[in-house]
Amino acid sequence: MDAPLPRSFYDGNVCDVAQRLLGQVFIRILPDGSRLAGRIAEVEAYAQDGDPASHSCRGRTERNAVMFGEAGRLYVYFTYGMHFCCNVVTGPEGQGDAVLIRALEPLEGRDIMARHRYGRTLITEREERNLLNGPAKLCKAFGIDRKMNGCDLCGETVRIVSGNTPRPPHIGRSSRIGIGSGSELAWRFFIPESDWLSKPGKGIFRNEP
DNA sequence: CGTGAGATTTCCT
DNA sequence: GGAAATCTCACGT
Numbered sequence: 014m015d016a017p018l019p020r021s022f023y024d025g026n027v028c029d030v031a032q033r034l035l036g037q038v039f040i041r042i043l044p045d046g047s048r049l050a051g052r053i054a055e056v057e058a059y060a061q062d063g064d065p066a067s068h069s070c071r072g073r074t075e076r077n078a079v080m081f082g083e084a085g086r087l088y089v090y091f092t093y094g095m096h097f098c099c100n101v102v103t104g105p106e107g108q109g110d111a112v113l114i115r116a117l118e119p120l121e122g123r124d125i126m127a128r129h130r131y132g133r134t135l136i137t138e139r140e141e142r143n144l145l146n147g148p149a150k151l152c153k154a155f156g157i158d159r160k161m162n163g164c165d166l167c168g169e170t171v172r173i174v175s176g177n178t179p180r181p182p183h184i185g186r187s188s189r190i191g192i193g194s195g196s197e198l199a200w201r202f203f204i205p206e207s208d209w210l211s212k213p214g215k216g217i218f219r220n221e222p
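This is the structure:
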């Protein structure tokens, strides 16, 4: 319940790893030693090959270099002039695949998350629900920015540990959110009964048992 | 509650 | 120069 998942966990097909990540616990230890944790509720897969929506689809650049590196690293990118989003790098080195973390269920460090997001710990019910239910929201709550690009998830400060994972037939699946091309790929995966999704679990279908 | 505009910087063509 | 793996707030119903 505390050791990081091994690197081999990340070293597979990006869609397999994405589904395997649901229910696992994302943990960040802040410089002062306090601990933030959330259960992964929603993810999306992005692949170098055949995926026009992926940052890596046109090859390696300075920005996406981490995607092409070792599996189990954190790829953090900056977008829309103000937001950071984080991904888990998968697959063998040289393969630009990664899983975007889209939503977490808050587990530990709620007051710190609230301060990171809203500058106070007294927040409305709506703000409470919105703490971690989006890729840029959870980065803000966890204090993740460009300085953490390339961080090793098999290390200490940021890691993913084993959690209460859903049974494979209980994984929701839909097209990805906020992309132009590539919407025909159903590469968004989520825990259907979760109250912490970035968008309602529309387009759900169950995987085969 | 749903819709739509604006924010604001980086990256790549 | 334009688009971007987004979010928040204002406004209308």
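Per the numbering used here: the first sequence = residues 14 to 222.
Don't be surprised by glycine CBs; every beta carbon is placed ideally from N, CA and C.
Local Cβ density within 10 Å of residue 135, reported as buried at 16 or more and exposed below that
On the first sequence, residue 135 is found 122 positions in, with the first residue counted as 1. Burial call: exposed.
**Prompt:** Going along the chain, which residues of its own chain have a beta-carbon closer than 7 Å to the beta-carbon of residue 91, five neighbours each way excluded?
**Reply:** Within the first sequence, residue 91 is the residue found at index 78, counting from 1. Once the five neighbours on either side are set aside, the close Cβ partners of residue 91 are 97 and 159.
- request: Compute the Euclidean distance between the alpha carbons of residue 177 and residue 190, then round it to the nearest angstrom.
  value: Start at 1 with the first residue of the first sequence, and residue 177 comes out as number 164. Start at 1 with the first residue of the first sequence, and residue 190 comes out as number 177. So the alpha carbons of these two residues sit roughly 25 Å apart.
**Message:** Between which residues of its own chain and residue 105 is the CB-CB distance below 8 Å, once the five residues before and five after are set aside?
**Reply:** Position 92 of the first sequence holds residue 105. These residues qualify, in order along the chain: 24 and 84.
* Determine the direct distance from the alpha carbon of residue 127 to that of residue 133, and round the result to whole angstroms. => Indexing the first sequence from 1 puts residue 133 at position 120. Indexing the first sequence from 1 puts residue 127 at position 114. The straight-line gap from Cα to Cα measures roughly 6 Å.
Per DSSP, residue 94 is paired with what? On the first sequence, position 81 is the one that residue 94 refers to. According to DSSP, which records beta bridges pairwise, residue 94 is partnered with nothing at all.
The beta strand (DSSP E) with residue 116 in it runs from where to where? Within the first sequence, residue 116 is the residue found at index 103, counting from 1. 111-121 is the span of the beta strand (DSSP E), which, as asked, contains residue 116.
Bridge partners of residue 49, per DSSP?
Here residue 49 corresponds to residue number 36 of the first sequence, with the count starting at 1. According to DSSP, which records beta bridges pairwise, residue 49 is partnered with 41.
Worksheet item: Name the DSSP bridge partner or partners of residue 165?
Response: On the first sequence, residue 165 is found 152 positions in, with the first residue counted as 1. Partner(s): 86.
For the region 49-64 against the region 104-119, do three or more pairs of beta-carbon atoms, one drawn from each stretch, fall closer than 8 Å, so that the two count as touching? yes
What residue does the alpha helix (DSSP H) around residue 30 start on, and which one ends it?
Stepping through the first sequence from its first residue, residue 30 is reached at position 17. Counting along the chain, the alpha helix (DSSP H) containing residue 30 begins and ends at 27-34.
Check whether the region 72-79 and the region 135-155 are in contact - that is, three or more C-beta pairs closer than 8 Å. no
Original post:
In chain order, what residues of the same chain have a beta carbon less than 8 Å from the beta carbon of residue 129, not counting five sequence neighbours either side?
Top reply: Counting from one through the first sequence, the residue named residue 129 turns up at place 116. Correct list, in chain order: 153, 154, 155 and 156.
Q | Three-state secondary structure (DSSP) of residue 67 | A | Residue 67 sits at position 54 when you count from the first residue of the first sequence. Coil.
Quick check on this structure: which residue in 203, 186 and 68 has the alpha carbon closest to the alpha carbon of residue 117?
Start at 1 with the first residue of the first sequence, and residue 117 comes out as number 104. It is 203.
Check: Quick one: Cα of residue 119 to Cα of residue 87, how far?
Finding: Walking along the first sequence from the start, residue 119 turns up at place 106. Walking along the first sequence from the start, residue 87 turns up at place 74. Those two C-alpha atoms are separated by around 20 Å.
Where does residue 125 sit, in a helix, a strand or coil, going by DSSP?
-> On the first sequence, residue 125 is found 112 positions in, with the first residue counted as 1. Of the three classes helix, strand and coil, the one that applies to residue 125 here is helix, per DSSP.
Drop a sphere of 10 angstroms on the beta-carbon of residue 47, count the other beta-carbons inside from all chains shown, and report buried for 16 or more, exposed for fewer. Here the question's residue 47 lines up with position 34 in the first sequence. Answer is exposed; the Cβ neighbour count stays below 16.
* Does the distance from the CB of residue 49 to the CB of residue 138 come in under 9 Å? -> Reading the first sequence from its first residue, position 36 is the one you call residue 49. Reading the first sequence from its first residue, position 125 is the one you call residue 138. Contact flag unset, no.
Practice prompt. Determine, using beta carbons only, whether residue 37 and residue 173 come nearer to each other than 9 Å.
Written response: Here residue 37 corresponds to residue number 24 of the first sequence, with the count starting at 1. Here residue 173 corresponds to residue number 160 of the first sequence, with the count starting at 1. For residue 37 and residue 173, yes; Cβs fall inside 9 Å.
**Report entry** 8 Å Cβ shell around residue 124 - same chain, five flanking residues per side excluded
**Finding:** Along the first sequence, read from residue 1 onward, the residue named residue 124 stands at position 111. Here the set comprises 134.
Compute the Euclidean distance between the alpha carbons of residue 52 and residue 114, then round it to the nearest angstrom. As a first step, residue 52 is located in the first sequence; it is residue number 39 there, counting from the start. As a first step, residue 114 is located in the first sequence; it is residue number 101 there, counting from the start. So the two alpha carbons sit approximately 11 Å from each other.
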